[in-house]
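*Asks:* I'd like to ask you about the structure that follows.
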Amino acid sequence: MHTCHVENGSILNMTITLDFLTGKTTDQLVPFMEHFLVHRDMQADMTKMFEAARAEGIVLALTSSFRSFELQQKIWNEKVMGQRPVLDSDSNPIDIKTVTPEELLFLIMRWSAIPGGSRHHWGTDFDIYDLAAKPADYKVQLIPAEYEQGGYFHNAALWLEERMEDFGFFRPYAVDRGGIAPEPWHISYKPLSEKFLQSFTKEAFFDHLAQSSFLLIDEARANQDELYHRFICIE
Ligand SMILES: [Zn+2]
0 MHTCHVENGS ILNMTITLDF LTGKTTDQLV PFMEHFLVHR DMQADMTKMF
50 EAARAEGIVL ALTSSFRSFE LQQKIWNEKV MGQRPVLDSD SNPIDIKTVT
100 PEELLFLIMR WSAIPGGSRH HWGTDFDIYD LAAKPADYKV QLIPAEYEQG
150 GYFHNAALWL EERMEDFGFF RPYAVDRGGI APEPWHISYK PLSEKFLQSF
200 TKEAFFDHLA QSSFLLIDEA RANQDELYHR FICIE
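Take the sequence shown: its letters are residues 0 to 234, numbered as in numbering that gives the first Met the number 0.
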C-alpha cells in the first residue's frame, strides 16, 4: 500500500502542523515510564502491549521515544563535526575525514535521521529492548546483533514480531530498502504514524529544509528529492 504520495501538498491541518511533524512542539505528548514522552493517543495501546509482554516474562523498556528537533539537530551536528561516531552498515566507525560532505550526509543518514526528518519527532515511534534479558552491567547499543539469534533481545524481538500487530504496532524499518538500515528495535504505532507520514509531503519537507540551518544543509537541499524518497517517504 502506498502510504505517502498525497497529491495535494498543502494539507497540513490544525493538529498536524509542520512544527509538529518536525519535532518542534510537545503539545500532543504525555509522559511514559518516567523519562519518556509519547503521543497521547498511543499511550493506552502501548501500555497494553507492555503489560502483555510482561505477563510472558519480557520487560519491554525504551532507550528513546519522542526526540525533539533540537536534540536531533545536536546529535546530527556532533556527527558532522566528528564529535560522535559515524557508523557504516556493519556498525563499524567511519573515518569522516576521508569522505566528501555529500558522502558524509548519506553515511550519517544510514543510522541517524536528518533533523526534522525523524519518525521520533511524532511521539509514535520508539526504540525498545528487554530489560529482563539485559545483564545489569551491559549497555544497550541498538545494533542488529542484539536482536538476532544469540543476542540478548532476540526473544523479545520474536515476541514483538508475533504480537505487536495486535496492539497496532509495526516495524517501519524492517527491510533494508537502501535508505535507513533495518532497525529491529524501532517500533511505530501505525494508526497515528501512517497519518503523520501522509501529511509529511514532499513540499512540507522542502519547506522545512528551506527554513533550517543545521550542518550540511546545502548538501541536504541539493539532494532534497532523493532524501525525501529514500528516508522520509519509505515504501
Ligand atoms: Zn528509532
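We put the beta carbon where it would ideally sit given N, CA and C, even for glycine. A quick note: this is a predicted structure, and the numbers were derived from the prediction, not measured.
Thinking Leu226 and Ile216 are a contact (beta carbons under 8 Å), I'd like their distance in whole angstroms, please.
*Replies:* Along the sequence shown, one-based indexing puts residue 226 at 227. Along the sequence shown, one-based indexing puts residue 216 at 217. With a Cβ gap of about 12 Å, Leu226 and Ile216 do not count as contacting.
*Asks:* Could you check which residue in Asn76, Gly116 and Ser117 has the C-alpha nearest to that of Pro236?
*Replies:* No statement about residue 236 is possible, as the shown extent of the chain runs from 0 to 234 and does not include it.
*Asks:* Closest to Ser187 by CA distance: which of Lys23, Val58, Phe65 and Gly81 is it?
*Replies:* To locate residue 187, count along the sequence shown from 1; it is residue 188. Nearest of Lys23, Val58, Phe65 and Gly81 to Ser187, Cα basis: Phe65.
*Asks:* Straight-line CA distance for Lys133 to Tyr151?
*Replies:* Within the sequence shown, the letter at position 134 stands for residue 133. Within the sequence shown, the letter at position 152 stands for residue 151. Taking the straight line from one Cα to the other gives about 6 Å.
*Asks:* Quick one: Cα of Ser211 to Cα of Ile113, how far?
*Replies:* Counting from 1 along the sequence shown, the entry for residue 211 is found at position 212. Counting from 1 along the sequence shown, the entry for residue 113 is found at position 114. Cα to Cα, the separation comes out at about 11 Å.
*Asks:* Given a threshold of 16 other Cβ atoms within 10 Å of its Cβ, counted over all protein chains shown, does Glu160 qualify as buried or as exposed?
*Replies:* Taking the first residue of the sequence shown as position 1, residue 160 is located at position 161. With fewer than 16 Cβ atoms within 10 Å of its Cβ, Glu160 is classed as exposed.
*Asks:* Does the region 120-130 come close enough to the region 139-155 that 3 or more CB-CB pairs lie under 8 Å?
*Replies:* The region 139-155, when compared against the region 120-130, does touch it at the 8 Å Cβ threshold.
*Asks:* So His120 is in the alpha helix (DSSP H); what residue range does that whole segment cover?
*Replies:* Within the sequence shown, the letter at position 121 stands for residue 120. Unbroken run through His120: none, as it is neither H nor E.
*Asks:* In this structure, what does DSSP give as the bridge partners for Tyr227?
*Replies:* As a working note, residue 227 is residue 228 in the sequence shown. Answer is none; Tyr227 lacks a bridge partner.
*Asks:* Quick one: Cα of Leu86 to Cα of Phe105, how far?
*Replies:* Numbered from its first residue, the sequence shown carries residue 86 at position 87. Numbered from its first residue, the sequence shown carries residue 105 at position 106. So the two alpha carbons sit approximately 11 Å from each other.
*Asks:* Please name the residue, chosen from Thr25, Thr21 and Lys47, that lies closest to Met163 on a Cα-to-Cα basis.
*Replies:* Position 164 of the sequence shown, counted from the first residue, corresponds to residue 163. When only C-alpha atoms are compared, the closest one is Lys47.
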